[in-house]
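The letter at position 69 of the sequence shown is residue 69 when you use UniProt numbering, and the numbering goes up by one with no holes.
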Amino acid sequence: MKAKLGMSPIAWWNDDLAELSDDVSLEECLRQSRSAGFTGMEMGRRFPNDPKVMLPILREADVTLCGGWFSGTLVDEEMARNKDRIQPMIDLFKAVNAPCIVYGEVGRSIQGDRSKPLATKPKLTSDEMKAYARRLTEFGEWCAEQGMPLSYHHHMAAVVETEPELDAFMRHSGEGIPLLLDAGHLAFAGGDVLRAIDNHHRRINHVHVKDVRMGVIDGLDRTRQSFLDAVSLGAFTVPGDGSLDFGAIVQRLADHGYEGWFVVEAEQDPKKNPPLRMAEVGYKELMRVMTAAGYTVETQGFPNTSA
Numbered sequence: 001m002k003a004k005l006g007m008s009p010i011a012w013w014n015d016d017l018a019e020l021s022d023d024v025s026l027e028e029c030l031r032q033s034r035s036a037g038f039t040g041m042e043m044g045r046r047f048p049n050d051p052k053v054m055l056p057i058l059r060e061a062d063v064t065l066c067g068g069w070f071s072g073t074l075v076d077e078e079m080a081r082n083k084d085r086i087q088p089m090i091d092l093f094k095a096v097n098a099p100c101i102v103y104g105e106v107g108r109s110i111q112g113d114r115s116k117p118l119a120t121k122p123k124l125t126s127d128e129m130k131a132y133a134r135r136l137t138e139f140g141e142w143c144a145e146q147g148m149p150l151s152y153h154h155h156m157a158a159v160v161e162t163e164p165e166l167d168a169f170m171r172h173s174g175e176g177i178p179l180l181l182d183a184g185h186l187a188f189a190g191g192d193v194l195r196a197i198d199n200h201h202r203r204i205n206h207v208h209v210k211d212v213r214m215g216v217i218d219g220l221d222r223t224r225q226s227f228l229d230a231v232s233l234g235a236f237t238v239p240g241d242g243s244l245d246f247g248a249i250v251q252r253l254a255d256h257g258y259e260g261w262f263v264v265e266a267e268q269d270p271k272k273n274p275p276l277r278m279a280e281v282g283y284k285e286l287m288r289v290m291t292a293a294g295y296t297v298e299t300q301g302f303p304n305t306s307a
């Protein structure tokens with residue numbers, strides 16, 4: 001089985017908490033992640049939107065674009081508006097040969113609002129969840145028809161956060177909307193990562209290997225502290241530095257035949273946890289557990305670098 005290892009630039013620059021950002025260029029971010037061993041990088045705010053500008057940067061760094069976040073609003077807003085907003089991203093991702101667009105629901109979400117405690121997260125009724133799941137399926141099918149599949153990201157402080165919410169979303173949605181399995185977000189929400197893999201492995205097309213510090217999470221006052229407070233306190237980290245057993249998680253994905261990207265997404269204070277050092281820790285741990293699970297990790301970065 002083949003796997004690819006990527007990172008998210010959120011370890012270098014946080015889009016929601018400017019104070020958790022290192023003053024490094026896109027080129028330096030890519031250089032550091034590649035020097036640690038990663039061959040892919042998800043899109044962040046310092047990436048250019050023109051493929052003619054982006055491709056030479058990726059080529060020089062010897063990495064590929066392995067995904068990127070789209071802020072979807074289908075829980076509240078009409079399909080046409082979301083199609084209009086995602087179309088330029090579809091065109092860009094096709095031009096740079098990215099594997100998928102990560103759909104993150106921000107409608108009703110409190111993930112970016114530091115004034116909203118975790119306990120006030122939005123909740124959908126059963127009928128709302130059914131209708132939402134159907135809309136996401138239709139939207140995912142449309143994106144795939146345009147040539148770019150989606151990957152649905154369950155997320156803390158959003159309408160699909162907990163394991164029961166994920167189960168309900170998956171039950172009422174269809175194959176047209178694949179799943180991004182994020183170990184850290186599910187563990188933060190109190191879910192069982194291995195059970196979720198067993199239940200939904202047929203739809204998983206992208207994986208975020210986000211680790212958590214359960215000591216930080218268990219110490220939160222969810223009636224008073226927000227998701228961004230948790231991030232600032234260090235709730236997330238890289239594999240090998242947190243509480244999750246990635247040996248078991250990666251093995252379970254291997255048992256179900258998952259092949260594709262494993263992306264380290266670990267937002268935390270870059271001054272306390274320098275991104276290059278954390279990238280090296282995460283890469284070392286992933287290589288250890290992936291080798292044990294029988295994966296062959298691809299080492300090629302940007303294709304045809306000799307051309």
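Beta carbons are placed, not taken as given, at the ideal position from N, Cα and C, and that holds for glycine.
All figures in this text were calculated on a predicted structure; none of them were measured in a lab.
Asked	Found
Buried or exposed: A307, going by 16 or more other Cβ atoms within 10 Å of its Cβ?	Here A307 scores only 37 on pLDDT, less than 50, and its place in the model should not be relied on; the value that follows carries that caveat. When all chains shown are included, A307 counts as exposed.
Buried or exposed: where does T237 fall if 16 or more other Cβ atoms within 10 Å of its Cβ makes it buried?	buried
Thinking C-alpha only, which one of D241, K94, G219 and H201 is nearest Q251?	H201
Ignoring anything shorter than 3 residues or poking outside the region 117-187, list the beta strand (DSSP E) runs there in chain order.	150-153 and 179-182
Enumerate in chain order the residues of its own chain whose CB-to-CB distance from T305 is below 8 Å, with the five nearest sequence positions on each side excluded.	Low confidence applies to T305: its pLDDT is 46, below 50, so where it sits in the model is not reliable, and the reading given next is rough at best. If we look at T305 and ignore the five residues flanking it on each side, its Cβ neighbours are R59 and D62.
Does DSSP put F262 in a helix, a strand or coil?	strand
Quick one, which of C100, E77 and K2 has its alpha-carbon nearest G67's?	C100
May I have the straight-line CA-CA distance separating D113 from N97, to the nearest angstrom?	33 Å
State buried or exposed for D23, treating a residue as buried only when at least 16 other CB atoms are found within 10 Å of its CB.	exposed
Suppose the cutoff is 6 Å on Cβ atoms and the five residues either side in sequence are ignored; what does the same chain contact list for L276 look like?	Q32
Quick one: give me the first and last residue of the alpha helix (DSSP H) that I249 is part of.	F246 to D255
I need the DSSP call for Y283, collapsed to helix, strand or coil.	helix
Could you please give me the residues that DSSP links to residue 380 through a beta bridge?	The first residue shown for the chain is 1 and the last is 307, placing residue 380 beyond what the model contains.
How about A158 and R213: do their beta carbons lie closer than 9 Å?	no
Between the Cα of K4 and the Cα atoms of P270, Q268 and V264, which residue gives the shortest distance?	V264
Leaving out the 5 sequence neighbours to the left and right, which residues in its chain are closer than 8 Å to E138 when beta-carbon positions are compared?	M79 and G176
Decide if N49 is buried, meaning its Cβ has at least 16 other Cβ atoms within 10 Å, or exposed.	exposed
Can you list, in chain order, the residues of its chain with a C-beta nearer than 7 Å to that of L124? Leave out the 5 residues immediately preceding and following it.	Y132 and V159
Could you name the residues of the same chain whose beta carbon sits closer than 7 Å to that of P149, not counting the 5 residues immediately before and after it, in chain order?	C100, C143, P178 and N205
Do P88 and G44 have their CB atoms nearer than 9 Å?	no
Verify whether the separation of the beta carbon atoms of N82 and L74 is less than 9 Å.	yes
F70 and I57 look like a contact to me (Cβ under 8 Å); what is the Cβ gap, rounded to whole Å?	F70 to I57, Cβ: 21 Å. No contact.
Between the C-alpha atoms of A235 and G37, what's the straight-line distance to the nearest angstrom?	24 Å
What three-state label does DSSP hand G215 in the structure shown?	helix
In the DSSP output, which residue or residues are listed as bridge partners for S21?	Per DSSP, none; premise fails for S21.
Are V209 and F246 touching if we call contact CB-CB under 9 Å?	yes
Kindly indicate which residue of M41, Y283, K130 and F227 has the alpha-carbon position closest to the one of G174.	K130
Beta-carbon within less than 8 Å of L194's beta-carbon, same chain only, minus the 5 sequence neighbours each way: which residues are those?	A248, I249 and R252
Is the Cβ-Cβ distance between T162 and A187 less than 9 Å?	no
Could you please give the first and the last residue of the uninterrupted beta strand (DSSP E) stretch that includes N205?	I204 to H208
Checking 9 Å against the spacing of the C-beta atoms, do Q268 and L30 come in under that value?	no
For the alpha helix (DSSP H) holding K4, just list the boundary residues, first then last.	That residue, K4, is in no alpha helix (DSSP H); its beta strand (DSSP E) goes K2 to M7.
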